[in-house]
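For reference, each letter of the sequence shown is one residue, going 6 to 263 in full-length UniProt numbering. Idealized CB from N, CA, C, for every residue including glycine.
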Amino acid sequence: QTETAAPPRPELFDFHGVSMTHHFTDNWDNVQNFQAKPDDILIATYPKAGTTWVSHMLDLLYFGKSSPKRGDSLPICERVPFLEINNPVFAPARNAKDNVVSYFHFARMSNAQPEPGDWPSFLQRFQEGKMPWGSWYDHVKGWWEKKQAYPKLLYLHYEDLAEDMDREMDRVCSFLGLCPTEEERHQVKERVQFDAMKKNSMVNYSTFSLMDFKISPFMRKGKVGDWKNHFTVYQNEQFDKEYQKKMMNTTVRFLAEI
Ligand code: A3P
């Protein structure tokens, strides 16, 4: 990390009906014209739902055997690039309360995010969808609906990954038609554990100058239910009420504790 002054925070603006920042829209023509090959894999997540976790796991499952050092020597953003910055589909999703807490701490430490303001105002704007990548509610509902019509889409819940990685890795492998040996499976499982990823500079974003780890680390807690340390009783009641209204027209369900 250098001691130079941090660059200014980007402004949030409306981009085709979704709140965004310019970092992820400057390259939009290329995103629009992107032609996927039949065996491309797309990971579609709302920020802070486990993007890095699932990216690292898939990369290790695919390339861990032929290049065992890859996961410790190439940054995650080179192994699994962001489509916006420079296709079965994976859709990791996380319960709204932990997701907003994680997003808040991330927005505090990342200068690529607009100013987060204080926690109550951040929580309010999250519910209004005034965040980069817009509304969490529209995101999780939209991909859930797509899944019903599009069989080549695997919807992964963060909470399921945290509860039983063996089971979820089986789902991922059978979805992709991969048959790792017991030994390979075991190795990937070890390497995608929170503590291992927190230590691995190729996935923990410690090399990114736009992030200030003194404020909060990227691999922060990796827990289900940390929202309980942030929401007041009143905020929780108000959030649940709004949540019910916004999620009435969908069957997607999330566990906020396990
Ligand atoms: P917390 O801030 O709650 O700790 P993304 O990669 O989509 O930005 O998501 C980041 C969140 O996923 C952070 O959540 C991070 O700690 C968590 N995460 C990353 N790897 C993880 C792992 N191996 N196990 C559990 N959580 C993980």
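Exposed unless 16 or more other CB atoms sit within 10 angstroms - verdict on residue i
{"i": "Arg84", "result": "buried"}
{"i": "Ile81", "result": "buried"}
{"i": "Val208", "result": "buried"}
{"i": "Asp200", "result": "exposed"}
{"i": "Ser60", "result": "buried"}
{"i": "Ile220", "result": "exposed"}
Residues of its chain near residue i, where Cβ-Cβ distance is below 7 Å and the 5 sequence neighbours each way are ignored
{"i": "Ala167", "result": "Val229, Ile263"}
{"i": "Ser107", "result": "Lys53, Arg225"}
{"i": "Glu247", "result": "Gln132"}
Any non-hydrogen atom of the ligand A3P closer than 6 Å to residue i Cβ
{"i": "Thr56", "result": "yes"}
{"i": "Met114", "result": "no"}
{"i": "Ser206", "result": "no"}
{"i": "Met202", "result": "yes"}
Opening and closing residue of the beta strand (DSSP E) in which residue i lies
{"i": "Met25", "result": "23-25"}
{"i": "Tyr239", "result": "Careful: Tyr239 lies outside any beta strand (DSSP E), inside the alpha helix (DSSP H) at 238-251."}
{"i": "Ala98", "result": "94-98"}
Which listed residue (the options) has its alpha carbon closest to that of residue i
{"i": "Ser24", "options": "Pro137, Leu183, Trp58", "result": "Pro137"}
{"i": "Lys157", "options": "Phe259, His144, Met170, Val177", "result": "Val177"}
{"i": "Arg14", "options": "Val59, Arg113, Leu161, Arg190", "result": "Arg113"}
{"i": "Cys184", "options": "Phe213, Asp34, Phe68", "result": "Phe68"}
{"i": "His27", "options": "Leu66, His191, Glu16, Trp149", "result": "Glu16"}
{"i": "Arg99", "options": "Glu120, Lys250, Trp148, His61", "result": "Trp148"}
{"i": "Lys102", "options": "His21, Leu79, Tyr163, Glu89", "result": "Tyr163"}
8 Å Cβ shell around residue i - same chain, five flanking residues per side excluded
{"i": "Val105", "result": "Phe127, Leu128, Phe131, Trp141, Trp232"}
{"i": "Glu242", "result": "none"}
Contacting residues, own chain, Cβ-Cβ under 6 Å from residue i (five flanking each side not counted)
{"i": "Ala117", "result": "His28, Leu215"}
{"i": "Leu260", "result": "Glu164"}
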